[in-house]
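Under this note's numbering, think of the first position of the sequence shown as 37, with each following residue one higher.
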Amino acid sequence: MVEALKKNPKFQGRRGPVVLAILDGVGYGKYKEGDAVAEAKTLTLDALESSCPHTKLKAHGTAVGLPSDEDMGNSEVGHNAMGCGRVFAQGAKLVSGSIETGDLFSGETWKTLVSGVKQSGGSLHFIGLFSDGNVHSHIDHLKAMLRQAAAEGVGKARIHILLDGRDVGETSALEYIDPFEAFLAELNKGGADYRIASGGGRQVITMDRYGANWDMVRKGWEIHVQGKGRQFASAREAVETLRGETQAIDQDLPPFVIAEGGSPVGPVADGDSVIYFNFRGDRALEITAAFEDDAFDKFDRGLRPAACYAGMMEYDGDLHIPKQYLVSPPSIDRTLGEYLVASGVKQLAISETQKYGHVTYFFNGNKLGKYSEELEDYVEIKSDVVPFEQRPWMKCAEITDKVIAAIESGKYGMIRLNFPNGDMVGHTGIYQAVICALEAVDLCLGRIRQAVAKAGGVLIICADHGNSDDMFEHEKKSGKVLTKADGSPCAKTAHSLNPVPCIIYDPESKGEYSAQLKEGLGISSLSATSMELLGFTPPGEYDPSVLTFK
């Protein structure tokens with residue numbers, strides 16, 4: 037338990053709540069072409085930025101605990117940073133370090149997985165996102181584990197690949213598949229039998245989150261575990277055929293099974309071991325439940341194989357999911373939410389399903405549940421289960437309705453909300469839909485601004501990372517937009533490396549702090565900023581606030 041925060045002698049706070057509005061995936065673009073944030077008609081956002089204290093915050097790389105500044109930020113590490121007020125080494129960095137030191141391979145979980153298949157003569161399976169996007173996984177981690185398995189005498193391995201096209205180029209699958217097949221061929225020269233066994237787009241199978249669409253997990257179970265699905269001789273053949281038939285980008289490609297003579301090469305059987313090699317937790321919990329939960333009721337698993345399952349990391353520290361994991365996650369404590377509960381501040385966290393876990397679980401340092409039933413309310417607006425480009429406004433109006441009612445109730449000292457549109461629609465690569473998404477959010481932001489002004493509160497506008505600010509692929513050296521054969525821009529579906537906004541709308545300000553906000557800080561500064569605007573002095577270990585009091 038943390039102690040209550042001390043009152044700030046220079047500022048007692050406002051009469052209304054502090055509202056932290058996270059515009060997911062909204063940054064400051066580097067290029068004019070493809071910057072949907074700049075092109076969209078965002079009258080509210082533009083007016084606030086031109087009239088209010090504002091600055092740019094770092095939301096990628098080392099500023100959010102990732103290995104290098106070449107690593108794009110993401111919603112999970114972003115909400116961790118915003119919610120805990122400091123920077124912790126995050127998944128990719130922890131896994132890479134564990135591989136480099138050998139700790140991953142000397143741990144009991146790895147030993148159990150390997151010894152199990154060596155004794156049974158079964159297969160060691162790897163399921164996960166197949167790219168170097170470094171958001172959910174990294175292909176180098178997969179390769180390192182396969183090398184080690186071969187060195188330890190594991191005779192048979194099967195890899196189930198979830199195609200990305202979201203954190204990397206939208207049609208880059210073969211750029212990973214072809215070199216990987218060559219990599220496996222080298223390992224197999226030593227007598228091993230290592231093969232790709234199944235796959236499909238990450239938005240179609242396996243990687244659902246927050247219970248939004250369990251049918252994705254069912255499809256993944258059938259493909260990976262049961263070997264049921266459309267058969268192909270190779271992953272390359274599958275991708276080329278399915279892309280030609282559907283015109284889909286990688287994340288949306290239908291599932292496939294690799295087979296020989298009409299039989300799948302790699303279903304999961306009794307005595308096998310399975311590693312889910314994604315290090316990020318949100319899109320790992322559901323497939324983990326399918327493997328581990330004895331009372332599972334989301335779909336019919338058929339005869340569940342007696343396989344030993346492990347995750348790359350512990351995906352839920354409170355519920356200890358999965359039961360076995362290879363690398364321990366960062367231990368995040370003393371979060372903003374915990375401090376505010378200790379200080380008697382009633383809070384509301386709200387978003388729709390797609391980002392509900394971000395303003396709760398990730399914001400609270402990868403912890404499920406509340407610090408206080410009395411002082412915290414969590415509200416989830418159910419997301420539509422449709423492609424985001426078909427409903428680019430998503431549930432921003434419904435979120436706004438709830439937020440305005442919460443402001444008007446006078447019950448809350450702090451409200452945090454996430455509008456997912458800039459990120460979720462941004463990932464589709466459909467530029468027109470992204471423009472629509474951003475303009476819808478801006479309309480909602482205008483409504484919230486009016487409610488904040490009426491209540492005498494403070495509105496902090498920020499983001500967890502960029503995305504919709506960089507919708508086209510650009511040549512690195514020249515900055516020129518890359519184009520397809522028909523001359524249209526190559527869509528970029530990944531996050532950006534761009535800074536994000538921090539705007540303070542404080543209509544009852546009496547000049548207690550400088551209108552010039554600090555520069556060069558990361559999004560972790562938002563915790564201390566929120567505390568100060570609530571009238572508290574932030575803990576000494578927190579990263580500094582953007583405010584300078586007079």
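The beta carbon of each residue, even a glycine, is placed where N, CA and C say it ideally should be.
Closer than 9 Å, CB to CB, is residue i near chain B or not?
| i | result |
| --- | --- |
| residue 524 | As a matter of chain content, chain B is missing from the structure shown, which is built from one protein chain. |
I'd like to confirm the pairing. Which residues does DSSP put opposite residue i in its beta bridges?
| i | result |
| --- | --- |
| residue 161 | 194 and 310 |
| residue 236 | 198 |
| residue 43 | 572 |
| residue 352 | 357 |
| residue 28 | With the chain running from 37 to 586 in the structure shown, residue 28 is simply not present. |
| residue 496 | 56 and 540 |
| residue 527 | 508 |
| residue 585 | 549 |
| residue 229 | 192 |
| residue 300 | 295 |
| residue 502 | 61 and 532 |
| residue 517 | 510 |
| residue 383 | 412 and 450 |
| residue 221 | Answer by DSSP bridge pairing: none, since residue 221 is not bridged. |
| residue 345 | 310 |
| residue 558 | 94 |
Could you tell me the boundaries of the alpha helix (DSSP H) in which residue i lies?
| i | result |
| --- | --- |
| residue 91 | Not the alpha helix (DSSP H): residue 91 falls in the beta strand (DSSP E), residues 90-93. |
| residue 253 | 250-256 |
| residue 182 | 175-187 |
| residue 487 | 467-491 |
| residue 296 | Residue 296 -> not in any alpha helix (DSSP H); beta strand (DSSP E) instead, spanning 292-296. |
| residue 368 | Per DSSP, residue 368 belongs to no alpha helix (DSSP H) and is neither H nor E. |
| residue 147 | 144-156 |
| residue 113 | 111-120 |
| residue 337 | Element bounds for residue 337: n/a, residue is neither H nor E. |
| residue 80 | 79-87 |
| residue 327 | 321-328 |
| residue 404 | Element bounds for residue 404: n/a, residue is neither H nor E. |
| residue 135 | 127-137 |
| residue 280 | 271-282 |
| residue 72 | 72-75 |
For the beta strand (DSSP E) that residue i lies in, which residues bound it at each end?
| i | result |
| --- | --- |
| residue 454 | 450-455 |
| residue 413 | 412-417 |
| residue 432 | Element bounds for residue 432: not the beta strand (DSSP E) but the alpha helix (DSSP H), 432-445. |
| residue 537 | 536-541 |
| residue 262 | First-last for residue 262: undefined, no H or E at that position. |
Just confirm the distance between the C-beta atoms of residue i and residue j, as a whole number of angstroms; I'd bet it's less than 8 Å.
| i | j | result |
| --- | --- | --- |
| residue 429 | residue 489 | The Cβ separation is near 24 Å, so there is no contact. |
| residue 53 | residue 449 | 6 Å |
| residue 130 | residue 375 | Incorrect: roughly 25 Å between the Cβ atoms, too far for contact. |
| residue 464 | residue 425 | 4 Å |
| residue 384 | residue 442 | 5 Å |
| residue 579 | residue 158 | Not really, about 48 Å apart at Cβ, beyond 8 Å. |
| residue 304 | residue 341 | 5 Å |
| residue 186 | residue 235 | With 8 Å as the limit, residue 186 and residue 235 do not qualify as a contact, their Cβ atoms being about 21 Å apart. |
| residue 309 | residue 152 | 5 Å |
Please determine, among the options, the residue with the shortest C-alpha to C-alpha distance to residue i.
| i | options | result |
| --- | --- | --- |
| residue 58 | 83, 117, 74 and 251 | 117 |
| residue 132 | 179, 154 and 159 | 179 |
| residue 60 | 535, 581, 271 and 550 | 535 |
| residue 557 | 107, 550 and 565 | 565 |
| residue 164 | 373, 186, 144 and 238 | 238 |
| residue 154 | 507, 189 and 225 | 189 |
| residue 280 | 207, 475, 501 and 47 | 207 |
| residue 436 | 422, 452 and 408 | 452 |
| residue 356 | 403, 340, 382 and 394 | 403 |
| residue 192 | 93, 226 and 545 | 226 |
| residue 378 | 410, 520, 491 and 127 | 410 |
| residue 228 | 112, 264 and 182 | 182 |
| residue 529 | 552, 549, 513 and 502 | 502 |
| residue 585 | 332, 549 and 278 | 549 |
| residue 240 | 94, 382, 64 and 421 | 421 |
| residue 568 | 372, 405 and 460 | 372 |
> Is the number of C-beta pairs between the stretch 92-110 and the stretch 140-154 that are closer than 8 Å three or more?
Replying inline: These segments do not touch.
> Within the chosen definition, does the stretch 479-486 reach the stretch 403-420 through at least 3 CB pairs nearer than 8 Å?
Replying inline: no
> Taking one C-beta from the stretch 65-74 and one from the stretch 83-99 each time, how about it: are there three or more such pairs within less than 8 Å?
Replying inline: no
> At a cut of 8 Å, does the stretch 296-314 reach the stretch 344-354 through at least three beta carbon pairs?
Replying inline: yes
> Are the stretch 87-95 and the stretch 532-549 in contact at 8 Å, needing three or more beta carbon pairs?
Replying inline: yes
>> Between the stretch 318-326 and the stretch 239-250, can you find at least three pairs of beta-carbon atoms closer than 8 Å?
In response: yes
> Between the stretch 197-206 and the stretch 282-296, do three or more beta carbon pairs fall short of 8 Å?
Replying inline: Cβ pair count under 8 Å is three or more, so yes.
> Would you say the stretch 290-309 touches the stretch 133-145, given that touching needs at least three Cβ pairs under 8 Å?
Replying inline: They do not touch, by the three-pair rule.
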